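Throughout the sequence shown, residue numbering follows our numbering, covering 236 to 564 in sequence.
The next block holds one structure in the form of C-alpha cells; read it before the comments.
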Amino acid sequence: MRTSAWQLSIFIYLPGLALCAVLAAMAMASEYWSGAPVMLVALVLGMIARPGLIAPVTQKGTQMAAKRLLRLGIALLGARITWQDILGLGLTPIVLVCIAVPGTVLIGWGLAKILKQPKTFGLLTGGAVAICGASAALAFAAVLPAGKRHERDTLFTVLAVSALSTVAMIVYPALLRALGFDDPLIGILLGATIHDVAQVVGAGYSVSPQVGDIATYVKLLRVSLLPIAIIATALIYRPPGGTAAVKIPWFAVAFVLIMIGNSLGMIPAPAQSLMIVASQGLLVTAIVALGGKTSLREMSSLGAGGIILVVGETLALLLAAIVFIRFVS
Numbered sequence: 236m237r238t239s240a241w242q243l244s245i246f247i248y249l250p251g252l253a254l255c256a257v258l259a260a261m262a263m264a265s266e267y268w269s270g271a272p273v274m275l276v277a278l279v280l281g282m283i284a285r286p287g288l289i290a291p292v293t294q295k296g297t298q299m300a301a302k303r304l305l306r307l308g309i310a311l312l313g314a315r316i317t318w319q320d321i322l323g324l325g326l327t328p329i330v331l332v333c334i335a336v337p338g339t340v341l342i343g344w345g346l347a348k349i350l351k352q353p354k355t356f357g358l359l360t361g362g363a364v365a366i367c368g369a370s371a372a373l374a375f376a377a378v379l380p381a382g383k384r385h386e387r388d389t390l391f392t393v394l395a396v397s398a399l400s401t402v403a404m405i406v407y408p409a410l411l412r413a414l415g416f417d418d419p420l421i422g423i424l425l426g427a428t429i430h431d432v433a434q435v436v437g438a439g440y441s442v443s444p445q446v447g448d449i450a451t452y453v454k455l456l457r458v459s460l461l462p463i464a465i466i467a468t469a470l471i472y473r474p475p476g477g478t479a480a481v482k483i484p485w486f487a488v489a490f491v492l493i494m495i496g497n498s499l500g501m502i503p504a505p506a507q508s509l510m511i512v513a514s515q516g517l518l519v520t521a522i523v524a525l526g527g528k529t530s531l532r533e534m535s536s537l538g539a540g541g542i543i544l545v546v547g548e549t550l551a552l553l554l555a556a557i558v559f560i561r562f563v564s
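Take a look at the structure:
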C-alpha cells in the first residue's frame, strides 16, 4: 500500500508538533493554576525538553512550530484589537505611543552599537520592548536576516522581556502611585511601558478596574503598530542590490486584514474568541520550539551586553513615558 505525500508529511512533522503542543499546554496550565508568565514557563519547558525536541524524529515538527505556527499566531493577534478601541483613547496616549515606540527602537539600535552588539539584535530587543514583548520579538525575528546567532538572540530576547515584564507588573503600579499619578494616568503609563499584554492586564487590574481598562487599551494601541514596524523592517532588510522583489510578510498583512475585519464587526464573536485563543496557543507552542532549539550555553555567550541592552531599553521607555505625561501632555 503506497503512502501519500500528506501521510508522509504527518509522519515527519507530527511527533515534534505533538511534543511542542503538550509542553505548551503544560505552560498554559501553569499560568492558570499559579499565575506564572506563560511565555517564561514555555521557554523553560522547551529548554528542559531540548534533547527530545531536537531528536531526529521530532526535529522537523519543532522547526515547523518555530516558524510556520509562529507566523500564523502573530497574524491572529489582529483579532484582539479594533480601531474603535484605539480612537477611543483620545490624543494623549496616541501621541505618547507614536513617540515612544519608534524612539525605543532607535535607542535599542544605538545602544547595540555602543555595546558592540549587532544592530539587528538592537532592533530585535528594541522592537520587543517598544511594542508587545515576546510576540513582537518573534515577529521581528521572522523578518530579520537569519545569521548564525539569530535563534539564540531571539530566545534571549523572549526570555529577557518576559522576565522584565513580570518585574514591571509587580513594581510599576507602586512606583507610579508613589510618584503621585492618578488612576487614569497610571493606566496610560502601565499600558505604554510594560512589555507583554498579560502583564499589562495583571498590573492594571491589580490597581483598579478603571486602570486595568485604560492600560489594556493603551497596550493594544502599541500592538496595532506591530504590522507597520514589521513591514518597515522587511523593507530595510530587503536583499542587497535593490533588484529583488520586496517580500512583504504575509502574516503582517493578515494581521492588518483581521484587525480591519474585527473593527468593522465582520468577525462573529465566537470566531473572534477562537482566534484569540488559537493565537495564544500557537505563540506559546512556538516559544516552546524556540526554547528547544537553543541551549543555555549558547545564550550565555551574549554576556552582560545583552542584559544591559534590554534593561537600558526598558528604563528608557519608562523614563520617556513619565516625562511625557508629567511635563508634555
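Positions of the beta carbon are idealized from the N, C-alpha and C atoms, including for glycine.
Keep in mind it's a predicted model, so treat the numbers as computed, not measured.
Checklist entry - Which value, in whole angstroms, describes the spacing of the CA atoms of R299 and W485? => result Counting from 1 along the sequence shown, the entry for residue 299 is found at position 64. Counting from 1 along the sequence shown, the entry for residue 485 is found at position 250. Residue 299 is actually Met in this sequence, not Arg. Near 16 Å, if we compare the C-alpha coordinates of W485 and M299.
Checklist entry - From which residue to which residue does the alpha helix (DSSP H) around I465 run? => result For the purposes of this step, residue 465 is identified with residue 230 of the sequence shown, where counting begins at 1. Annotation for I465: the continuous alpha helix (DSSP H) segment containing it runs 461-471.
Checklist entry - Roughly how many angstroms separate the alpha carbons of L358 and A256, rounded to a whole number? => result Numbered from its first residue, the sequence shown carries residue 358 at position 123. Numbered from its first residue, the sequence shown carries residue 256 at position 21. Cα to Cα, the separation comes out at about 29 Å.
Checklist entry - Is the closest heavy atom of the ligand COA to the C-beta of G361 under 7 Å? => result In the structure on display, the ligand COA does not appear, and there are no ligands present to speak of.
Checklist entry - Using a Cβ-Cβ cut-off of 6 Å (strictly less than) and excluding sequence neighbours within five positions of A310, which residues of its own chain qualify? => result Within the sequence shown, the letter at position 75 stands for residue 310. For A310, where only same-chain residues beyond five positions count, the Cβ hits under 6 Å are F486, A489, F490.
Next on the checklist: Please report the distance separating the alpha-carbon of R306 from that of I349.
Outcome noted: As a working note, residue 306 is residue 71 in the sequence shown. As a working note, residue 349 is residue 114 in the sequence shown. Going by the C-alpha atoms only, they are around 32 Å apart.
Checklist entry - Should S514 go down as buried or exposed, given a rule of 16 or more other Cβ atoms within 10 Å for buried? => result By one-based count along the sequence shown, residue 514 stands at place 279. Counting Cβ neighbours within 10 Å, S514 comes out buried, since at least 16 surround it.
Item to check | For I522 and A369, believed in contact at Cβ under 8 Å, the rounded distance | outcome: Sequence index remark: in the sequence shown, residue 369 carries index 134 (1-based). Sequence index remark: in the sequence shown, residue 522 carries index 287 (1-based). Taking a contact as a CB-CB distance under 8 Å, the pair A369 and I522 counts as one, their CB atoms being some 7 Å apart.
Checklist entry - Should F566 be labelled buried (16 or more other beta-carbon atoms within 10 Å of its own) or exposed? => result Outside the displayed span of the chain (236 to 564) sits residue 566, for which this structure offers no information.
Item to check | Candidates L525, V545, F559, of which the one nearest G251 by Cα | outcome: On the sequence shown, residue 251 is found 16 positions in, with the first residue counted as 1. When each option's Cα is compared against that of G251, the closest is L525.
Checklist entry - The alpha helix (DSSP H) with K295 in it runs from where to where? => result Locating residue 295 in the sequence shown gives position 60, counting from the first residue. Looking at the DSSP string, the run of the alpha helix (DSSP H) that includes K295 is 294-299.
Next on the checklist: Helix, strand or coil, according to DSSP, for F486 in the structure here?
Outcome noted: Start at 1 with the first residue of the sequence shown, and residue 486 comes out as number 251. Looking at F486 - three-state DSSP - the assignment turns out to be helix.
Item to check | For D388, the nearest candidate out of P353, V432, I342, D418 (CA to CA) | outcome: Residue numbering aside, residue 388 sits at position 153 when the sequence shown is read from its first letter. Residue P353 is the option with its Cα nearest to D388.
Item to check | Coil, strand or helix - H385 by DSSP | outcome: In the sequence shown, residue 385 corresponds to position 150, counting from 1. Helix.
Checklist entry - Where G541 and G500 are concerned, what is the direct C-alpha to C-alpha distance, given to the nearest angstrom? => result Translated into positions along the sequence shown, residue 541 becomes position 306. Translated into positions along the sequence shown, residue 500 becomes position 265. Cα to Cα, the separation comes out at about 42 Å.
Checklist entry - Whose C-alpha, out of E266, V292, A262, is nearest the C-alpha of M282? => result On the sequence shown, residue 282 is found 47 positions in, with the first residue counted as 1. Measuring from the Cα of M282, the nearest candidate turns out to be A262.
Checklist entry - Can you name, in chain order, every residue of its own chain whose Cβ lies under 8 Å from the Cβ of A372, other than the five neighbours on each side? => result By 1-based counting over the sequence shown, the position of residue 372 is 137. Cβ neighbours of A372 beyond the five flanking positions: L359, T360, G362, A363, T389, T392, V393, V396.
Item to check | Buried or exposed by the 16-neighbour rule on C-beta atoms within 10 Å, applied to P503 | outcome: Here residue 503 refers to the residue found at position 268 when the sequence shown is read from its first residue. It is exposed - the Cβ of P503 has fewer than 16 other Cβ atoms within 10 Å.
Item to check | G422 beta carbon less than 8 Å from that of A436 | outcome: For the purposes of this step, residue 436 is identified with residue 201 of the sequence shown, where counting begins at 1. For the purposes of this step, residue 422 is identified with residue 187 of the sequence shown, where counting begins at 1. According to the sequence displayed, residue 436 carries Val and not Ala. No; because the gap between Cβ atoms is not below 8 Å, this pair is not in contact.
Next on the checklist: Can you list, in chain order, the residues of its chain with a C-beta nearer than 6 Å to that of E266? Leave out the 5 residues immediately preceding and following it.
Outcome noted: Along the sequence shown, one-based indexing puts residue 266 at 31. Excluding positions up to five away in sequence, the list reads V273.
Checklist entry - Is A381 closer than 8 Å to I511 when the C-beta atoms are compared? => result Start at 1 with the first residue of the sequence shown, and residue 511 comes out as number 276. Start at 1 with the first residue of the sequence shown, and residue 381 comes out as number 146. Against a cut-off of 8 Å, the Cβ pair of A381 and I511 comes out as no contact.
Checklist entry - For the alpha helix (DSSP H) that K528 lies in, which residues bound it at each end? => result Locating residue 528 in the sequence shown gives position 293, where the first residue counts as 1. It spans 504-528 - the alpha helix (DSSP H) in which K528 sits, taken as one unbroken run.
Checklist entry - Of the residues G338, S508, V458, which one's Cα is nearest the Cα of T549? => result On the sequence shown, position 314 is the one that residue 549 refers to. Relative to the Cα of T549, the nearest Cα in the group G338, S508, V458 belongs to G338.
Checklist entry - Shortest alpha-carbon distance to I493 belongs to which of G308, A469, V279? => result Here residue 493 refers to the residue found at position 258 when the sequence shown is read from its first residue. Checking every option, the nearest Cα to that of I493 belongs to G308.
Next on the checklist: If contacts are defined as beta-carbon pairs under 8 Å, then A438 and A335 qualify, I think. What distance do you get, rounded to the angstrom?
Outcome noted: Along the sequence shown, read from residue 1 onward, the residue named residue 438 stands at position 203. Along the sequence shown, read from residue 1 onward, the residue named residue 335 stands at position 100. That pair is no contact at about 17 Å.
Next on the checklist: Can you list, in chain order, the residues of its chain with a C-beta nearer than 7 Å to that of G477? Leave out the 5 residues immediately preceding and following it.
Outcome noted: In the sequence shown, residue 477 corresponds to position 242, counting from 1. Confidence at G477 is low in this model, with a pLDDT of 49, below 50, so its placement is unreliable and the value that follows should be read with caution. The answer is none, since no qualifying residue turns up.
Next on the checklist: Given a cut-off of 8 Å on the beta-carbon distance, is the pair L346 and L554 in contact?
Outcome noted: Locating residue 346 in the sequence shown gives position 111, where the first residue counts as 1. Locating residue 554 in the sequence shown gives position 319, where the first residue counts as 1. Going by C-beta atoms, L346 is not nearer than 8 Å to L554.
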